[in-house]
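When you line the sequence shown up against the working numbering, it's residues 1 to 273, in that order.
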Amino acid sequence: MASKLSKTWSEPLIRVAVNPLPGHMEIIKKEDGQISVSGMEGMLMDAVLTALGYRYELVIPADGEWGRTTGNNWKDAGNWTGLIGEVVYDRADLAWTWLTPNLKRFQVVDFSNVYHGEPMTFGITKPYPIPSSYAVFFPFDLPYWILIFAIIILMPLVFLFVGARHSYSQLLLQTFVLLAFLTRPFTPNAIRNFRELLDAVSKGHAECYMSKHCIALKFLLNSEEKYMKSLGQAVQRNNWNAIYYDDIPLKSTRNIAVIHRMGPKPRLLNYSV
Numbered sequence: 001m002a003s004k005l006s007k008t009w010s011e012p013l014i015r016v017a018v019n020p021l022p023g024h025m026e027i028i029k030k031e032d033g034q035i036s037v038s039g040m041e042g043m044l045m046d047a048v049l050t051a052l053g054y055r056y057e058l059v060i061p062a063d064g065e066w067g068r069t070t071g072n073n074w075k076d077a078g079n080w081t082g083l084i085g086e087v088v089y090d091r092a093d094l095a096w097t098w099l100t101p102n103l104k105r106f107q108v109v110d111f112s113n114v115y116h117g118e119p120m121t122f123g124i125t126k127p128y129p130i131p132s133s134y135a136v137f138f139p140f141d142l143p144y145w146i147l148i149f150a151i152i153i154l155m156p157l158v159f160l161f162v163g164a165r166h167s168y169s170q171l172l173l174q175t176f177v178l179l180a181f182l183t184r185p186f187t188p189n190a191i192r193n194f195r196e197l198l199d200a201v202s203k204g205h206a207e208c209y210m211s212k213h214c215i216a217l218k219f220l221l222n223s224e225e226k227y228m229k230s231l232g233q234a235v236q237r238n239n240w241n242a243i244y245y246d247d248i249p250l251k252s253t254r255n256i257a258v259i260h261r262m263g264p265k266p267r268l269l270n271y272s273v
């Protein structure tokens, strides 16, 4: 919750900036034209403001963002977006939602005490089995395959030179070991942490999406951990921005990871490419 009240709290009506969010801040328009709120944050806001004796009207940012600067100088007009922008430019007296305090935001608005916190995590599409026609190539990386083919070409010449011979049983055993990968579909291991995620992204084996509204991207870009910063730079460079959408499951044959808060029933499910 952020505020920058230029009026006194004795006034009966205040303007509250909110972003509709299913399950958390739901705006309900009744038949008589009245607007009410529902959801966890909506009911909390209504209970607090009603108990304090205030009427309120809702202000919804056109861009749907939480609040970020669009330039290097936060004093420039029009520089703040979203809920923070509504408060900064006096279009609202109060912004009510889960807002993460940071230095730039502290310079322009005041925050309430922290009353909620959630860790960040990522979800990734379940790995698909590798087709059996390609499975024979999976045991080794490309450099090893180049070395193997070089050995296949050179070893007959070496055997011819030294006069070495192999029995048919040895040759068949070596062949069966390699072709064992064709007997059943092979499913790669799932990515389980951010280091593995960066490694997959760097090799082009995965894509990583996150909401541009989320403070996590700035956290990654400013992280002292090199691998976290590199992951944030990859997300920014490729413009991998996820968006909020209704309960449509993420279905893709590509390896797609979505960074989101570790909360109940996350709705950051659709992505834009």
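We put the CB at the ideal spot given by N, CA and C, even for glycine.
Since the structure is predicted, the reported quantities are computational estimates derived from the model, not experimental observations.
Residue nearest to residue i in terms of C-alpha spacing, selected from the options
i, options, result
"Ile256", "Cys208, Asn241, Leu221, Ala17", "Cys208"
"Asn19", "Pro188, Gly33, Ser38", "Ser38"
"Gly123", "Ala206, Ile151, Ala92, Phe106", "Ala206"
"Val87", "Leu217, Thr100, Gly67", "Gly67"
"Ser211", "Thr121, Asp141, Pro143, Lys203", "Thr121"
"Gly42", "Glu31, Ala150, Trp98", "Trp98"
"Arg105", "Val158, Pro129, Trp80", "Trp80"
"Phe219", "Arg254, Val109, Met155, Leu103", "Leu103"
Contact set for residue i: own chain, Cβ-Cβ below 6 Å, skip 5 residues either direction
i, result
"Tyr56", "Ile14, Val16, Leu49"
"Met274", "Because residue 274 is not part of the residues shown, which for the chain are 1 to 273, the question remains open."
"Leu142", "none"
"Pro12", "Arg55"
Backbone CA spacing between residue i and residue j [nearest angstrom]
i, j, result
"Arg192", "Lys126", "11 Å"
"Met65", "Ile35", "For the record, residue 65 in the displayed sequence is Glu; it is not Met. Those two C-alpha atoms are separated by around 21 Å."
"Leu221", "His260", "16 Å"
"Trp96", "Ile146", "59 Å"
"Ala62", "Leu83", "10 Å"
"Met228", "Asn189", "21 Å"
"Ala47", "Leu94", "15 Å"
"Gln107", "Thr70", "15 Å"
"Leu58", "Thr187", "50 Å"
"Glu196", "Gly117", "25 Å"
"Asn238", "Asp199", "16 Å"
"Trp74", "Met45", "Model confidence at Trp74 stands at a pLDDT of 46, short of 50, so the residue's coordinates are unreliable and nothing is read from them."
"Asp90", "Lys203", "47 Å"
"Lys29", "Pro129", "48 Å"
"Leu157", "Lys226", "48 Å"
"Leu269", "Asn241", "For Leu269, the predicted model reports a pLDDT of 34, less than 50, meaning its position is unreliable; a value from the coordinates is still stated below. Near 11 Å, if we compare the C-alpha coordinates of Asn241 and Leu269."
"Asp32", "Arg254", "48 Å"
"Tyr144", "Val109", "58 Å"
"Ala51", "Gly85", "27 Å"
"Gly53", "Ala92", "18 Å"
Cross-strand partners of residue i (DSSP beta bridge)
i, result
"Lys29", "Ile35"
"Leu83", "DSSP, once it has assigned bridges, lists no residue as partnering Leu83."
"Tyr274", "The structure shown has nothing for residue 274, since the chain only spans 1 to 273."
"Glu207", "Ile256"
"Phe122", "Ile259"
"Asn241", "Met210"
"Thr70", "BP columns for Thr70 are empty, so no partner."
Cβ shell of residue i (< 8 Å), same chain only, five flanking positions each side left out
i, result
"Ile60", "Ala17, Val18, Asn19, Pro20, Ile27"
"Val114", "Pro101"
"Ser223", "Lys229, Gly232"
"Gln236", "Leu217, Leu221"
"Met155", "none"
Anticipated Cβ contact below 8 Å, residue i with residue j, distance rounded
i, j, result
"Phe194", "Leu231", "6 Å"
"Val201", "Ala150", "That belief does not hold up - the Cβ atoms of Val201 and Ala150 are roughly 31 Å apart, past 8 Å."
"Phe140", "Ile148", "7 Å"
Contact set for residue i: own chain, Cβ-Cβ below 7 Å, skip 5 residues either direction
i, result
"Ala216", "Met120, Met210, Ile259"
"Leu173", "Its pLDDT being 47, under 50, Leu173 is placed unreliably in this model, and the coordinates cannot settle the point."
beta-carbon residue i near the ligand COA non-hydrogen atom, thresh 7 Å
i, result
"Thr187", "In terms of ligand content, the structure shown is empty, and the ligand COA therefore cannot be addressed."
Chain C within 8 Å of residue i, Cβ atoms only
i, result
"Val59", "Absent here is chain C; the protein component of the structure consists of one chain."
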